[in-house]
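Number of protein chains: 2
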Amino acid sequence: MVTQWPTADDDAERVPLTVVDRIKRYILINRLSPGDPMPTENELSDQLAVSRSRIREAMKTLSALDIVEVRHGYGTFVGAMSLTGLAESLAFRGMLTSHRDKHFLADLIDLRELLEVNWAPLVVERLDADTVAAMRALATTMVDLAAQGREFPVEDRQFHQLLVATSGNALVGQLLDVFWQVHSLVSETLGPASLLPETAQAHHAILDAIESRSAESLEAAIRRHYAPIRERMRRATDGL
Amino acid sequence: MVTQWPTADDDAERVPLTVVDRIKRYILINRLSPGDPMPTENELSDQLAVSRSRIREAMKTLSALDIVEVRHGYGTFVGAMSLTGLAESLAFRGMLTSHRDKHFLADLIDLRELLEVNWAPLVVERLDADTVAAMRALATTMVDLAAQGREFPVEDRQFHQLLVATSGNALVGQLLDVFWQVHSLVSETLGPASLLPETAQAHHAILDAIESRSAESLEAAIRRHYAPIRERMRRATDGL
DNA sequence: ACAAATTTGTACGTATGTATT
DNA sequence: AAATACATACGTACAAATTTG
């Protein structure tokens, strides 16, 4: 097995592995995949020779990182190792510090824009008509909702997921989705939404650019999409 | 049993908040900052009317996300909400799946390169001479170590931290550092390092480009820096 | 340097709630 | 509908670590 484990040189300094690490090692050694069942807490308690409470506390840690997934009354399974923990941590950080630290949301928006813009050439080249049609429907729904003064989080999130899916980089897709969630949660604390129609319309503009097959237009459209979002942020943080 | 959760100041909730959420709410409401002391486990157990084991399990979750920081025998404090949880989760995902899913490390490298390249113009414009000198010293150390066949993780990490610090985007700096850690950990499982001299020398080339004040050269130098890293990855995954 | 006090860490037993078959 | 397997919850006792006097 690849997992390096006490190789002669560290028996003086040898600190016993934590329960968390031993459970991780169990998953690694047994080559488990996401979704595979883990031993029950009682079995782990026996195998690792620690109490149930210790196992449970370790499972809470692993579960927070989505390394395991606990299904109440049924069992524990290897998790998908998604970025839900990052979302939770960042969202809390944003809610706690965005009053004092206006950079946080700004940095987040900059990152979102940068990552989306970066794949503009690829998107223009590869985005297929069906996906564009689906995105067009979402954009239309957004405009309708905005006209009624309603927000459109579900549509917006899915739109951006489809946009970045073309990149072929799964990690970026997951990261951007996390940033979307964090932005959505934190911006709620800044008061009611504003500039809804402008934001909704910006999605149509993005699709127009894609259909015009111009990477430059797409980049510009994406940047324009973030303008009203930044403007809203500016208004909110100015009023401190 | 369920002893109705008795905090009188908020009762609009249909489904009772989890212990984790109630502790988060405590931090939010009391406007605590990272480093501020939390109540002891016994106090929280009394205040929230749940057993200490429950409190401890919630603390494990919060601690995994660095929302609280627990110090044995001393107390619990509000955490820095760093990205350590992300690093742990991604590193484990990489170690578990990189054998089967070669995209993971590739996506990670692409992201690192993209983020560093993006701020090349700013770096060329703003990186001060002192920082460049410090980075030069690091690069020289790297070359020396490489010549002895030794690796240089500490120097490499610090080099890239200094490089991206210029961006002014703290979030990007933290993310890149996480990616560095994950890459470092996961690539260990691919076998011994290779192409060390090339990689070390690439850092000098980056500094040369910065001193030549050309954003284009810097971008090219950064991309060349990642070439031997990708090459090593290719060799490792080809041998599956 | 020592000891006491405080606080988190570990263990275990028992009872209860919950999802699946 | 019942049985089973499993996670959730509580309480107590003691161990280990850290600060403070």
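Chains S and Y, in that order, are what the protein sequence lines are.
Mapping of the first sequence onto UniProt numbering: position 204 corresponds to residue 204, and the numbering continues sequentially without gaps.
Mapping of the second sequence onto UniProt numbering: position 105 corresponds to residue 105, and the numbering continues sequentially without gaps.
From the three backbone atoms N, C-alpha and C, an ideal C-beta is built for every residue, glycine too.
Might you give, ordered along the chain, the residues of its own chain that have their beta carbon closer than 7 Å to the beta carbon of residue 207 of chain S, omitting 5 neighbours on each side? The answer, listed in chain order, is 132, 135, 136 and 139.
Across which residues does DSSP place residue 178 of chain Y in a beta bridge pair? Answer is none; residue 178 of chain Y lacks a bridge partner.
So, using beta-carbon positions, are residue 79 of chain Y and residue 63 of chain Y closer together than 9 Å? yes
Measuring only the C-alpha atoms, how far is residue 192 of chain S from residue 27 of chain S? Those two C-alpha atoms are separated by around 45 Å.
For residue 228 of chain Y, the three-state DSSP class (helix, strand or coil): helix
Proximal residues to residue 103 of chain S (C-beta, below 6 Å), its chain only, five neighbours per side dropped: Result list for residue 103 of chain S: empty, nothing under 6 Å.
Which whole-angstrom value describes the C-beta separation of residue 126 of chain S and residue 166 of chain S, a residue pair presumed to lie in contact below a C-beta threshold of 8 Å? 5 Å
So, with DSSP's three-state summary, where would you put residue 34 of chain S? coil
So is residue 103 of chain S in contact with chain Y if we call contact Cβ pairs under 9 Å? Yes, residue 103 of chain S counts as interfacial toward chain Y.
Measure the alpha-carbon distance for residue 40 of chain Y versus residue 56 of chain Y and round it to whole angstroms. 10 Å
Anticipated Cβ contact below 8 Å, residue 183 of chain S with residue 83 of chain S, distance rounded: That belief does not hold up - the Cβ atoms of residue 183 of chain S and residue 83 of chain S are roughly 14 Å apart, past 8 Å.
Extent of the continuous alpha helix (DSSP H) to which residue 94 of chain S belongs: Where residue 94 of chain S is concerned, the enclosing alpha helix (DSSP H) stretches over 84-97.
Jot down the residue ranges of each uninterrupted alpha helix (DSSP H) in the region 143-205 of chain S, minimum 4 residues, whole runs only, in chain order. 153-165 and 170-188
According to DSSP, residue 78 of chain Y sits in a beta bridge with which residue or residues? Y:68
Kindly indicate the opening and closing residues of the alpha helix (DSSP H) around residue 16 of chain S. That residue, residue 16 of chain S, is in no alpha helix (DSSP H); it is neither H nor E in DSSP.
Note down the Cα distance separating residue 74 of chain S from residue 21 of chain Y, rounded to an integer number of angstroms. 24 Å
Thinking residue 95 of chain Y and residue 186 of chain Y are a contact (beta carbons under 8 Å), I'd like their distance in whole angstroms, please. 6 Å
Is residue 58 of chain Y close to chain S, meaning its C-beta is less than 9 Å from at least one C-beta of that chain? yes
Under a three-way DSSP split, which group does residue 39 of chain Y fall into? coil
Can you tell which of Y:23, Y:212 and Y:194 has the C-alpha that lies nearest to the C-alpha of residue 229 of chain Y? Per the Cα distances, Y:194.
Give the single residue among Y:196, Y:144, Y:123 and Y:148 whose Cα lies nearest to the Cα of residue 161 of chain Y. Y:123
Proximal residues to residue 145 of chain Y (C-beta, below 6 Å), its chain only, five neighbours per side dropped: 152
Under the rule that 16 or more other beta-carbon atoms within 10 Å means buried, what is residue 43 of chain Y, buried or exposed? exposed
So, helix, strand or coil for residue 127 of chain Y, using DSSP? coil
Kindly list the residues whose CB is nearer than 6 Å to the CB of residue 18 of chain Y, restricted to its own chain and excluding five residues on each side of it in sequence; keep chain order. none
Residues near residue 214 of chain Y in its chain [Cβ-Cβ closer than 7 Å; skip 5 each side]: 124
Is residue 210 of chain Y close to chain S? Criterion is C-beta to C-beta, closer than 9 Å. no
Given residue 219 of chain Y, which residues of its chain have a CB within under 7 Å of its CB, disregarding the five upstream and five downstream residues? 117 and 120
Which residues in chain Y have a C-beta closer than 8 Å to the C-beta of residue 61 of chain S? List them in chain order. 60, 61, 63 and 64
Could you list the residues in the region 172-184 of chain S with a C-beta less than 7 Å from some C-beta on chain Y, going in chain order? Closer than 7 Å at the C-beta level to chain Y, one finds these residues of the region 172-184 of chain S: 172.
So, at 6 Å on beta carbons, what are the nonlocal neighbours of residue 174 of chain S in its own chain, with the 5 sequence-adjacent residues on each side left out? 83
Between Y:24, Y:81, Y:46 and Y:236, which has its C-alpha nearest residue 170 of chain Y's C-alpha? Y:81
CB contact check: residue 85 of chain S to chain Y, cutoff 9 Å: yes
Whole-angstrom distance between residue 233 of chain S and residue 143 of chain S, CA atom to CA atom: 21 Å
Can you tell me whether residue 216 of chain S is buried or exposed? The criterion is at least 16 other CB atoms within 10 Å of its CB, across all chains shown. Burial check for residue 216 of chain S: the Cβ neighbour count within 10 Å stays below 16, so the residue is exposed.
Please state the DSSP three-state secondary structure of residue 46 of chain S. Residue 46 of chain S falls in the helix class under three-state DSSP.
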